[in-house]
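Protein chains in written order, with our numbering: chain A, 100 to 212; chain B, 100 to 212; chain C, 100 to 212; chain D, 7 to 419; chain E, 7 to 419; chain F, 7 to 419.
No residue lacks a Cβ here, since even glycine has one placed at the ideal position from N, Cα and C.
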Amino acid sequence: MKKLEIIIRPEKLDALKELLMDNEVKGMNISNVMGFGSQLGYTEQYRGTKFNVNFVSKMKVEVVLPTEKAQKIIEEIKAKLRTGQVGDGKIFVYAVEKTIRIRTGEEDEAALG
Amino acid sequence: MKKLEIIIRPEKLDALKELLMDNEVKGMNISNVMGFGSQLGYTEQYRGTKFNVNFVSKMKVEVVLPTEKAQKIIEEIKAKLRTGQVGDGKIFVYAVEKTIRIRTGEEDEAALG
Amino acid sequence: MKKLEIIIRPEKLDALKELLMDNEVKGMNISNVMGFGSQLGYTEQYRGTKFNVNFVSKMKVEVVLPTEKAQKIIEEIKAKLRTGQVGDGKIFVYAVEKTIRIRTGEEDEAALG
Amino acid sequence: MEQLINIVWVFLASVMVMLMQAGFAVLESGFTRSKNTNNVLMKNLMDFSIGSLIFYFIGFGLMFGSDSNGLFGSSGFINPVSLGLYADTLSPEVFIFFQTVFCATAATIVSGAMAERTKFSSYLIYTVVISLVVYPISGHWIWGGGFLSQMGFIDFAGSMAVHAVGGLAALAGAITIGPRIGKYTPDGKSNAILGHSIPLGALGVFILWFCWFGFNAGSSLEAATYVGHIAMTTNLAAAAAALATMFLTWFRYGKPDISMTLNGALAGLVAITAGCHIVSMPGAIIIGLVAGFLVTFGIEIIDQKFRIDDPVGAIGVHMLNGVWGTLAVGLFATDTPVVEGIRGLFYGGGLDQLIVQGIGAGAVIAWVLVTCFITFNVIKHTVGLRVTPEEEIRGLDIGEHGSEAYPEFTLKH
Amino acid sequence: MEQLINIVWVFLASVMVMLMQAGFAVLESGFTRSKNTNNVLMKNLMDFSIGSLIFYFIGFGLMFGSDSNGLFGSSGFINPVSLGLYADTLSPEVFIFFQTVFCATAATIVSGAMAERTKFSSYLIYTVVISLVVYPISGHWIWGGGFLSQMGFIDFAGSMAVHAVGGLAALAGAITIGPRIGKYTPDGKSNAILGHSIPLGALGVFILWFCWFGFNAGSSLEAATYVGHIAMTTNLAAAAAALATMFLTWFRYGKPDISMTLNGALAGLVAITAGCHIVSMPGAIIIGLVAGFLVTFGIEIIDQKFRIDDPVGAIGVHMLNGVWGTLAVGLFATDTPVVEGIRGLFYGGGLDQLIVQGIGAGAVIAWVLVTCFITFNVIKHTVGLRVTPEEEIRGLDIGEHGSEAYPEFTLKH
Amino acid sequence: MEQLINIVWVFLASVMVMLMQAGFAVLESGFTRSKNTNNVLMKNLMDFSIGSLIFYFIGFGLMFGSDSNGLFGSSGFINPVSLGLYADTLSPEVFIFFQTVFCATAATIVSGAMAERTKFSSYLIYTVVISLVVYPISGHWIWGGGFLSQMGFIDFAGSMAVHAVGGLAALAGAITIGPRIGKYTPDGKSNAILGHSIPLGALGVFILWFCWFGFNAGSSLEAATYVGHIAMTTNLAAAAAALATMFLTWFRYGKPDISMTLNGALAGLVAITAGCHIVSMPGAIIIGLVAGFLVTFGIEIIDQKFRIDDPVGAIGVHMLNGVWGTLAVGLFATDTPVVEGIRGLFYGGGLDQLIVQGIGAGAVIAWVLVTCFITFNVIKHTVGLRVTPEEEIRGLDIGEHGSEAYPEFTLKH
Ligand SMILES: Nc1ncnc2c1ncn2[C@@H]1O[C@H](COP(=O)(O)OP(=O)(O)O)[C@@H](O)[C@H]1O
Ligand SMILES: Nc1ncnc2c1ncn2[C@@H]1O[C@H](COP(=O)(O)OP(=O)(O)O)[C@@H](O)[C@H]1O
Ligand SMILES: Nc1ncnc2c1ncn2[C@@H]1O[C@H](COP(=O)(O)OP(=O)(O)O)[C@@H](O)[C@H]1O
């Protein structure tokens, strides 16, 4: 099993969710993170003092899935979530050693079902 | 060392914390995520327009611990955090290559102490 | 490639960011977590009822980088982010199997560039 | 001409009392959890709306219609203007308007004590009962020419008629419905369930303090030289109560507690309401100091000893201090620019007035508790008083209204 | 002496109307997304500031200066005090102050309907146009001695003169600028874009309800025995409208909807504004009930059928109910303590008054829509009306003002 | 009868001024960080409570008791009603009430400038000193028959007596306590420390703007035909100041800054307060425009040049514009419906009045700075003025009050 950690622009969440569901992914987690990368932050001001906001809002989607599915989904994300503009985000792939479903005690692929 | 990433219902946090401490786990992190799985979201309405909230609030607990401890804790979580209803959550297990305690520079098991 | 998951005091974020950029790290993510460790929480009261707040605010910085860079950065963090007081935080190191840049499809080291 | 001045005066006092709805709405939502905020706000909006209509058609007649055996009013239904009350010194409509906003205040008090677990539909039902029957009847006794007013019972602006009535109904409601899930541990220890926004709570208290000057001084029902006296006693009592509460919490808990101190200011305001016209400035300050003690210990005891779960402290603020303020008239009454000739125990007047105040308090307590326990129990055993545990855990905003108060903000739970 | 009472009365009514700016500011910001909050607040602050200055120097003269062919006022510019209006019964400055805060209300209404996408600089421009020309001219027709007032058109406190004018300008603006990004799916379905804070929205409505007593009763321009009648009709209509909206949304959507119910209360207030002095209490209640229906169906239809994107429901509240309230005078007018001798259709007065009301409404609708469509289109094709899509997605707070409303809070998006 | 009208008038003005506490509370908490919100709110609640009591017993006598050498009042302690002030035209209690809420305003101003680092117990101490001594003495000079009023010093509603006094105490406090941790970089650059809620800040400003009509017009101490003049000058000055600030920040920073513009509106209100009765409408506008410039540059210079850390801009708003408004009387005084016969420099009156204004300003500045620096330094070297760095970093809400303002919300830090 793999975990994909997908960092995207917040406005792309719906598209990603749809893409994952079309691939019969059974679950995922989302959280909001502040990202820093080639995409620059912006400048704010407060009572005349300017200051840089270095981090931009990003959405982090974590999905654990069978190894076979990972590559296909990565390809689709590259195809469908790309705007071509700096800040589109990244996918990080990790190995997952084990998955347990608390409700049933099922493990691994069965736990993802 | 392993990292357990435990996704639970928010109201189970206290129970999980207690369970981990009984197992002499020395630290953990919690954060709130929005989960998507077999458990359905719910419908809200705003001025007459209905819309689906697909994600439900979940708590994510991350704990890094010596490999020996992991299995026992997983068993206990299965036993004690189960409600039997869809949405109880999952445990994902990852390998941790190294742990460093910033304060002392201690590494691995010592750093967890 | 490795992922460093660095848990720090919120007030150390600027220092860590600078340190990472000096090491030519090209991106990172930050999120806020509630931490539990040797550092104790504190007691609050509400209308005369005291209660313990067990978790303290911590910042979690995730950065994916080429394996070579990891050790040097870890050393620098140990040197520069230490206050010597309980609660300085931890670094966890994970293996990253793959990184993809959504915008270009570049992979691994190129994707981090 | 004098009539016009009175109208301007009472009209503006009325709208200040109306603004109390804003004060209570933000106070109660600040002191409860964000998952129930829309529900709290909706209840405040609705008890004012329903109360306004029902009190106009029925309640006013029951309260101020021609007296029937000292027990209730019996005329002026449907068209209360026809009673022609205060037609010479004020105007019937202004008087009705003033009384309407008072009635709504009493109804609103209940909502806080039963917050975070009451079914919305049941809330609407008991709001109707309170505005329709409970408040007008005891109101008749006190202000409408009923037996208490005939006895010389004094409650200038409603410590008893408004606040204790609201607080007693809140008590009956909170007992009948039981505590929120998680409020008490299995072995009976009380857990703190924190309100979600202290700034909303504080804003509510400041607004209410402001409105209270309309509530108390406006109860003169005429522009008069003495209204300054009322303003001063009101303000000094509130200030003393807030101070007392702050120092008391500081002393007892180690740190000055903001949410209790906010309650403390309200406690002082409630306590001075009955006698604001008839006590001296030092009397007002003492009434306020006692109110600060009462609310602090009262809320603790209600919560920890009796295990009655009152999320916003409405019972401690309105019931305890409403009764205290009523009795305090019997202790502190003295000659003031407003009235002369009535003296309380501490000013050499003996026990007479205190006994009258005690009888009045007892009668109203009995009336409200009996009617409200019946009401709440009937609701409980028919349509049901409480939402399901699942709904309570997820929050009443989703469950009762299908919406969230702060949809964009990330919450800790 | 009577003059002094009048001054106290109208002055205090004026400051209550001024406080409507606070009500609208928090209401509009609560009903929009947090990334545009600073922009919403800034617009409210600025339309009041600009309106105050411009109305003083020019608008007041256009509205109340000596009548030119029934169309506009033509004196009193730069120094409106020199007109000496109401010098005997009030004072010219108090009258100007009262009219200033009314003008600012009309201008503020527009900002909500065009929120979350309008360039700040363009907003300033059209605020100037509305305060300078649009509002004063139709105001002259109705209140300044213009042709409608000569015809016997009745609009006591401004259902038409203030609210419908604001709502019509809002309609023209919302149509010209188009919907927010993501509001409608490609196939035309409407998406809900939630406001970020219901407590702010509710606080705004409670504040506005309070202020409305100054708005309506203060329009008497004199302290009078009858102001209680106005307060009661105002309050009953609002209560009835809130109730109707709540039950209607409950019936139609399965759950009582808070944000719509809040709009409902305002709808009742807008609808009763024209006839608050000339309808009976039951008449007021019916006007309120209809307002509740109108606002619920109206907002739905405007959104879902016409696909006009109005984030806060300003068109449904102010335009629809402004017109409804204006026509309702022709239906429900009857003898009251305020005026006698004018009767609407339902009180045996035939169609006469209704026709006058209809003509008045038609004339104002035409005037506002024509001038505002021209204004918005000129702005659109010169300096531009709308921010860039990138800025709209990131939020106008960063884009227009370089700041955030809640810099410390974590948001979900 | 006239007395009754005056009472209604001054009473309602007083309660509007009392509501300023709500305005300052939400403004100051909005402009500071959420970890210090409870502390800010608690301080506002307490300075009003303490001030009310202390001013009643001592302060009022020092301010309005029988004059001692033009320096202080010396009668009416403990029982200020016994002085019988304004017994014929108003009532002593109403006058005392009016003065009480004014005193509380001055005390409140200080809290904002010293926010986010001051020990709560020390705050209580210096609040006592300000309400007890500092404010009443200079108040005696100006309003209580002291030497400045004998000289013809003009400060109608308290630009100097209230705002500058508060602002000067704020200056002394902010200097003595030093900047917040992290406010200035080691090389002296100023960092922006953002307030946590602009909506609270904006709501505060709208409430204050509303209350200011009570503050200024109510200072007439009588219902009069001329109060409309005061309302108009007040409103125009505030509007002009807000506009000037907005355009100035737009010009200088590239975007119109909301938090500074909110300060700008207040600056205009502060500046017009001294002369609202004696300047013409155009005069008021110019005073407002200058206030907008003063506050923008003033806050910048105080922060960046002098490195005085004033989280909410209280010094720039109240001190600078309080002094400016005081001097402006000497420049812009002219014949108005309120007073005649006094003319400032720009209206051909020469330097006379300006010199008197200057002397008055100088005397008050010296008095407040000397007493306050002593007070703050005594506190600093005895009980301590400042919390520990650890507590400051974690926030005063936890440290001083053991609670959080928003316990459910996730924060970015
Ligand atoms: N090395 C990294 N480690 C962790 N997260 C990263 C890293 N690089 C980028 N990210 C995340 O990906 C987001 C997008 O990256 P960015 O460089 O701005 O654009 P792009 O992916 O188009 O090159 C960043 O905002 C950050 O959240
Ligand atoms: N494949 C997955 N990857 C990541 N997180 C998941 C995955 N499946 C489920 N989750 C998380 O676990 C939570 C519970 O899962 P759900 O399927 O609803 O219930 P259950 O675990 O009882 O089957 C989800 O809300 C989500 O947060
Ligand atoms: N075993 C663990 N697993 C995950 N996170 C941990 C673990 N131990 C500590 N942490 C995180 O590191 C933070 C600091 O740890 P703590 O023990 O308080 O101080 P120190 O690192 O100085 O020993 C904790 O608040 C928590 O967020």
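With hydrogens ignored, establish whether the beta-carbon of residue i is closer than 7 Å to any heavy atom of ligand 5.
i         : result
ILE129(B) : This structure lacks ligand 5; the ligands present are ligand 1, ligand 2 and ligand 3.
Taking 7 Å as the line, does the beta carbon of residue i fall inside it for any heavy atom of ligand 1?
i         : result
GLY328(D) : no
GLY134(A) : yes
LYS157(A) : yes
GLN138(A) : yes
ILE131(E) : no
LEU112(C) : no
LEU103(A) : no
LEU164(C) : yes
GLY408(D) : no
ARG313(D) : no
By alpha-carbon positions, which one of the options ends up nearest to residue i?
i         : options                                    : result
GLY82(D)  : MET325(D), TRP256(D), ILE64(D), VAL116(D)  : ILE64(D)
ARG186(E) : ILE348(E), GLU8(E), ASP316(E), PHE17(E)    : ASP316(E)
ALA369(E) : ASP53(E), ILE148(E), VAL389(E)             : ILE148(E)
PHE54(F)  : ILE181(D), ALA244(D), LEU375(D)            : ALA244(D)
THR416(D) : ALA178(B), PHE154(B), GLU123(B)            : PHE154(B)
LYS125(E) : LEU360(E), LEU391(E), PHE352(E)            : LEU391(E)
THR114(D) : ARG400(D), GLY322(D), ALA28(D)             : ALA28(D)
PHE30(E)  : PRO288(E), ASN197(E), GLY172(E), GLY71(E)  : GLY172(E)
ASP73(D)  : PHE153(D), ASN241(D), ASP161(D), PHE312(D) : PHE153(D)
ILE371(F) : GLY408(F), ASN383(F), LEU333(F)            : LEU333(F)
ASN327(E) : TYR129(E), MET69(E), GLY274(E), THR106(E)  : GLY274(E)
Within the present structure, is the beta-carbon of residue i separated from the nearest heavy atom of ligand 3 by less than 7 Å?
i         : result
ILE107(B) : no
LYS179(C) : no
By Cβ distance below 7 Å, which residues in the same chain neighbour residue i in space, the five residues on each side in sequence not counted?
i         : result
GLY207(E) : LEU33, GLY36, PHE37, GLY201, SER265, LEU268
LEU110(F) : Checking the displayed sequence, the identity of residue 110(F) turns out to be Ala instead of Leu. GLN27, ASP53, PHE54, GLY57, SER58, listed in sequence order.
Ordered along the chain, which non-local residues of its own chain (more than five positions away) have a Cβ less than 6 Å from that of residue i?
i         : result
VAL195(A) : MET100, LYS102, VAL163
GLY188(A) : ILE106, ILE107
Comparing the CB of residue i with every heavy atom of ligand 2, is any distance shorter than 7 Å?
i         : result
VAL124(A) : yes
LEU211(A) : yes
_Positions along the region 178-197 of chain F whose CB lies within less than 8 Å of some CB in chain A_ = SER196, ASN197
*What residues from the region 243-277 of chain F come within 9 Å of chain A, judged by C-beta to C-beta, listed N to C?*
THR255, ARG258, TYR259, GLY260, LYS261, ASP263, SER265, MET266, ASN269
*Residues of the region 156-175 of chain C with a CB closer than 8 Å to any CB of chain B: list them in chain order, please.*
LYS157, LYS159, ILE173
*What residues from the region 214-243 of chain F come within 8 Å of chain E, judged by C-beta to C-beta, listed N to C?*
From the region 214-243 of chain F, only TRP215, PHE216, PHE219, GLY220, ALA223, ALA229, ALA230, THR231, TYR232, VAL233, GLY234, HIS235, ALA237, MET238, ASN241, LEU242 have a Cβ closer than 8 Å to chain E.
*Looking at chain I, which residues of the region 376-404 of chain F have a Cβ within less than 7 Å of any of its Cβ atoms?*
No chain I appears in the structure shown, which is made up of the protein chains A, B, C, D, E and F.
_Give me the subset of the region 30-45 of chain E whose CB atoms are less than 8 Å from a CB atom of chain D, sorted by chain position._
ARG39, SER40
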